[in-house]
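Q: Before anything else, here's the structure in question.
Dropping the structure here:
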């Protein structure tokens, strides 16, 4: 519930801020008459996200176990890809987002088309909605506790709308750069866990080699799939189910926060580790490269004068 609450809060706040920028700009231009068209686009985006969630949830009941695992694993991989792209997109385009959105409104108003404004509202929210739907669906499949996970996501979205409204009214001050930096790091860890769960689905379906296929190494003493170094590469990396119950609260907390499962295959562990190392390193590097640097004071008076002159600036 906590993990899905944080995801709902972050993704919802992104969408709320985007919509807030668009609404505020239209009001500043005195074009309140265009607001219903914008809200129509937002409503269509929300309906699309809910529709995708309903199809994924209820459509799975008509499928065989293998088909469910294949589709679940594939969609989880898609969710990881979208989340990873959005993390770096926000990091790169966050500073110019307002200008980009306002430019889109200007072009839509100049064109005077009804569909142009609807499209702006739709695209601005649909991207966040589809990403959130896929990510939450993958996490619900992983947790196996749909009511609590969905309640957490709903509370997060409601909180995001309230916070976004308060920010637009100037009632609260929130360091958005720091907020998105920390939650972006959290999403990197969540995405790594979803990736690990996706690989488990594909291994259970037989699409990837693992403990459920003929490629699994067998322990000669027990006759079961090997665990530990003997299980490398297609067996179990570890199995601590006797210590941490798979359905217990500790397992749920660990899986929601760091993607840990009491029994994980070597393919899962390797994929999780590589994702954290590669994506996490790139994310941290991006944060460091965008820190404002302090200008150095020059000790040479002539250089200092030149740097403040038009020629020096040029």
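In my numbering, the protein residues as written are 40 to 353.
Just so you know, even glycine gets a beta-carbon here, dropped at the ideal spot from N, CA and C.
Between residue 248 and residue 122, what straight-line distance do the alpha-carbon atoms span, to the nearest angstrom?
A: Taking the chain shown and counting its residues from 1, one reaches residue 248 at position 209. Taking the chain shown and counting its residues from 1, one reaches residue 122 at position 83. Looking at the two C-alpha atoms, the distance is approximately 26 Å.
Q: Whose C-beta lies closer than 7 Å to the C-beta of residue 308 among residues of the same chain, with five residues either side of it excluded?
A: Here residue 308 corresponds to residue number 269 of the chain shown, with the count starting at 1. Cβ neighbours of residue 308 beyond the five flanking positions: 276.
Q: Of the choices 89, 138, 250 and 237, whose alpha-carbon is the least far from that of residue 166?
A: Translated into positions along the chain shown, residue 166 becomes position 127. For residue 166, the nearest C-alpha among the options comes from 89.
Q: Please state the DSSP three-state secondary structure of residue 258.
A: On the chain shown, position 219 is the one that residue 258 refers to. Coil at residue 258, not helix or strand.
Q: Helix, strand or coil: which one does DSSP assign to residue 55?
A: The residue labelled residue 55 in the question sits at position 16 within the chain shown. Helix at residue 55.
Q: Can you find the residues in the same chain that come closer than 6 Å, C-beta to C-beta, to residue 325, ignoring five residues on each side of it along the sequence?
A: For the purposes of this step, residue 325 is taken as residue 286 along the chain shown, with counting starting at 1. Closer than 6 Å at Cβ, skipping near neighbours: 130.
Q: Just to confirm before moving on: does the CB-CB distance between residue 260 and residue 112 stay below 8 Å?
A: If you number the chain shown from 1, residue 260 lands on position 221. If you number the chain shown from 1, residue 112 lands on position 73. No; because the gap between Cβ atoms is not below 8 Å, this pair is not in contact.
Q: Helix, strand or coil for residue 225, going by three-state DSSP, please let me know.
A: For the purposes of this step, residue 225 is taken as residue 186 along the chain shown, with counting starting at 1. Per DSSP, reduced to three states, the secondary structure at residue 225 is helical.
Q: Could you say which of 250, 146 and 144 lies nearest to residue 273 if we only look at CA atoms?
A: Translated into the one-based positions of the chain shown, residue 273 becomes position 234. Comparing Cα-Cα distances from residue 273 to each of 250, 146 and 144, the minimum goes to 250.
Q: Answer yes if the region 141-150 comes into contact with the region 51-69, meaning at least three C-beta pairs across the two stretches below 8 Å, and no otherwise.
A: In short, these stretches touch, since the Cβ pair count reaches three.
Q: Give me the DSSP bridge partner(s) of residue 304.
A: Sequence index remark: in the chain shown, residue 304 carries index 265 (1-based). Answer is 275.
Q: For residue 429, which beta-bridge partners are listed by DSSP?
A: A query on residue 429 cannot be resolved here, the shown segment of the chain reaching from 40 to 353 and no further.
Q: Which same chain residues end up closer than 7 Å to residue 41 when comparing Cβ atoms and leaving out the 5 residues on each side of it in sequence?
A: Mapped onto the chain shown, residue 41 falls at position 2. For residue 41, where only same-chain residues beyond five positions count, the Cβ hits under 7 Å are 191 and 295.
Q: Count the other CB atoms within 10 Å of the CB of residue 212; is the residue buried (16 or more) or exposed (fewer)?
A: Looking up residue 212 in the chain shown gives position 173. By the neighbour-count rule (16 or more Cβ atoms within 10 Å), residue 212 is not buried but exposed.
Q: Of all the options 92, 163, 72 and 322, which has the alpha carbon lying nearest to the alpha carbon of residue 219?
A: Locating residue 219 in the chain shown gives position 180, where the first residue counts as 1. When only C-alpha atoms are compared, the closest one is 322.
Q: Contact between the region 67-87 and the region 156-172: three or more CB pairs below 8 Å?
A: At 8 Å Cβ cutoff, the stretches touch.
Q: Taking the alpha-carbon positions, what's the residue 203 to residue 289 distance?
A: Taking the first residue of the chain shown as 1, we reach residue 203 at position 164. Taking the first residue of the chain shown as 1, we reach residue 289 at position 250. Roughly 33 Å separates the two Cα atoms.
Q: Between the C-alpha atoms of residue 258 and residue 305, what's the straight-line distance to the nearest angstrom?
A: The sequence position of residue 258 within the chain shown is 219, counting from 1. The sequence position of residue 305 within the chain shown is 266, counting from 1. Spanning the two alpha carbons is a distance of roughly 15 Å.
Q: Looking only at C-alpha atoms, which of 292, 186, 233 and 256 sits nearest to residue 269?
A: Here residue 269 corresponds to residue number 230 of the chain shown, with the count starting at 1. Ranking 292, 186, 233 and 256 by Cα distance to residue 269 puts 256 first.
Q: Between the region 41-61 and the region 217-236, are three or more C-beta pairs nearer than 8 Å?
A: yes
Q: On the premise that residue 108 lies in contact with residue 244, defined as a C-beta separation below 8 Å, what is that separation, rounded to the nearest angstrom?
A: The residue given as residue 244 occupies position 205 in the chain shown. The residue given as residue 108 occupies position 69 in the chain shown. Contact between residue 244 and residue 108 holds: CB atoms are separated by about 4 Å, below the 8 Å threshold.
Q: Give the secondary structure of residue 129 by DSSP, where H, G and I count as helix, E and B as strand, and everything else as coil.
A: Counted from its first residue, the chain shown places residue 129 at position 90. Helix at residue 129.
Q: What would DSSP say about residue 44, mapped onto helix, strand or coil?
A: To locate residue 44, count along the chain shown from 1; it is residue 5. Note: residue 44 maps to helix in three-state DSSP.
Q: Going by C-alpha distance, which of 197, 179 and 87 is nearest residue 233?
A: Numbered from its first residue, the chain shown carries residue 233 at position 194. Of 197, 179 and 87, the residue nearest in Cα terms is 179.
Q: Can you tell me where the alpha helix (DSSP H) with residue 97 in it begins and where it stops?
A: Counted from its first residue, the chain shown places residue 97 at position 58. Run containing residue 97: 74-98, per the alpha helix (DSSP H) assignment.
Q: Looking at the unbroken alpha helix (DSSP H) that takes in residue 294, where does it start and where does it end?
A: Sequence index remark: in the chain shown, residue 294 carries index 255 (1-based). Per DSSP, residue 294 belongs to the alpha helix (DSSP H) from 288-297.
Q: What did DSSP end up calling residue 104 once you bin it into helix, strand or coil?
A: Residue numbering aside, residue 104 sits at position 65 when the chain shown is read from its first letter. Residue 104: helix per DSSP, three-state reduction.
Q: Report buried or exposed for residue 115, applying the criterion of at least 16 other Cβ atoms within 10 angstroms of its Cβ.
A: In the chain shown, counting from the first residue as 1, residue 115 sits at position 76. Around the beta carbon of residue 115, a 10 Å sphere encloses 16 or more other beta carbons of the protein chains shown; the residue is thus reported as buried.
Q: Measure the alpha-carbon distance for residue 59 versus residue 199 and round it to whole angstroms.
A: Stepping through the chain shown from its first residue, residue 59 is reached at position 20. Stepping through the chain shown from its first residue, residue 199 is reached at position 160. One C-alpha to the other measures close to 12 Å.
Q: Report all residues from its chain with a CB closer than 7 Å to the CB of residue 293; omit the five preceding and five following residues, and keep chain order.
A: Position 254 of the chain shown, counted from the start, is the residue given in the question as residue 293. Here the set comprises 299.
Q: Looking only at C-alpha atoms, which of 189, 206, 94 and 186 sits nearest to residue 57?
A: Within the chain shown, residue 57 is the residue found at index 18, counting from 1. For the residues 189, 206, 94 and 186, the minimum Cα distance to residue 57 belongs to 206.
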